[in-house]
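J.: Going by UniProt numbering, the sequence shown opens with residue 1, and the numbers climb by one from there. All residues carry an ideal CB built from backbone N, CA and C; glycine is no exception. Handing you a structure now.
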Amino acid sequence: MEILVILAHPYRESFNHAIYQTVLDTLNENRHQILAHNLYEEEFNPLLEGSELATGETSDPLVLKHRQEIKKAHGIIIIHPNWWGQPPAILKGWTDRVLRSGVAYQFEEGDDGSGVPEGLLVAETALVFNTSNTPLEREIQVFGDPLERIWKDCVFDFCGIKNFNRKMFRTIASSTPKERELWLEDVKKTINTYFP
Numbered sequence: 001m002e003i004l005v006i007l008a009h010p011y012r013e014s015f016n017h018a019i020y021q022t023v024l025d026t027l028n029e030n031r032h033q034i035l036a037h038n039l040y041e042e043e044f045n046p047l048l049e050g051s052e053l054a055t056g057e058t059s060d061p062l063v064l065k066h067r068q069e070i071k072k073a074h075g076i077i078i079i080h081p082n083w084w085g086q087p088p089a090i091l092k093g094w095t096d097r098v099l100r101s102g103v104a105y106q107f108e109e110g111d112d113g114s115g116v117p118e119g120l121l122v123a124e125t126a127l128v129f130n131t132s133n134t135p136l137e138r139e140i141q142v143f144g145d146p147l148e149r150i151w152k153d154c155v156f157d158f159c160g161i162k163n164f165n166r167k168m169f170r171t172i173a174s175s176t177p178k179e180r181e182l183w184l185e186d187v188k189k190t191i192n193t194y195f196p
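In structure tokens, the structure reads:
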């Protein structure tokens, strides 16, 4: 099975990178074909070019590669920190440029884009692993957990993926090595559950 794995964190020593490595190792152990991308390391350009917003056309070979890979992926895994209740800008740009009409979704002929699209992604499952320094109670009471809404409803449901799971690891800043070890075991268990 081909699994697309996207990492969006600039710091190599981050817990996000540890999650990414655990995901890759576990998928390898389970003999999946991995399409892995560290967006910062690849220097993915998140900025739409000229008329790309209107036409979807681009001359960026990396964007074209990502589009081709996500169209054929049987599973999608995204790893990123919670920054201001949102993904990092590079990942927001990735969704803008990669999850395009004709790639991830399409509207019926004659629809001006105001209707309900048909999701085109063939992936059956999408997983998102997040990190945060915001305690759970404050996240829910003050912010309402915007990342759940973004990924579950605004992205994956829109693109046709109904089997969605997201895990948030918190609070990273005060976490102990033992806590991080247990969290990585949870990552491995999650991968083994969805992509055995």
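Rounded to the nearest angstrom, how far is the Cβ of residue 96 from that of residue 48, given a contact under 8 Å?
T.: The pair is a contact, with the Cβ atoms about 6 Å apart (cut-off 8 Å).
J.: Have a look at residue 171 and residue 132 and give me their C-alpha separation to the nearest angstrom.
T.: Roughly 6 Å between the two C-alpha positions.
J.: Whole angstroms are fine: how far does the CA of residue 6 sit from the CA of residue 126?
T.: Approximately 11 Å, taken between the alpha carbons.
J.: Just to confirm, is the Cβ distance from residue 128 to residue 67 under 8 Å?
T.: The answer is no: Cβ separation not under 8 Å.
J.: Fully enclosed by the stretch 53-135, which beta strand (DSSP E) runs are 3 residues long or longer?
T.: Whole beta strand (DSSP E) segments, 3+ residues: 75-81 and 125-132.
J.: Using only the alpha-carbon positions, how far apart do residue 2 and residue 22 sit?
T.: Approximately 17 Å, taken between the alpha carbons.
J.: Would you call the stretch 153-161 and the stretch 115-125 touching, i.e. three or more CB-CB distances under 8 Å?
T.: Yes: at least three Cβ pairs fall under 8 Å.
J.: Can you name the start and end residues of the beta strand (DSSP E) that residue 166 belongs to?
T.: 163-170 is the extent of the beta strand (DSSP E) around residue 166.
J.: Is the distance from the Cβ of residue 85 to the Cβ of residue 15 below 8 Å?
T.: Contact: no.
J.: May I ask which residues mark the beginning and end of the beta strand (DSSP E) holding residue 36?
T.: Residues 33-38.
J.: Among 88, 174 and 71, which residue has its Cα nearest to the Cα of residue 102?
T.: It is 71.
J.: Distance check for residue 193 and residue 89, CA to CA, integer angstroms please.
T.: Roughly 30 Å between the two C-alpha positions.
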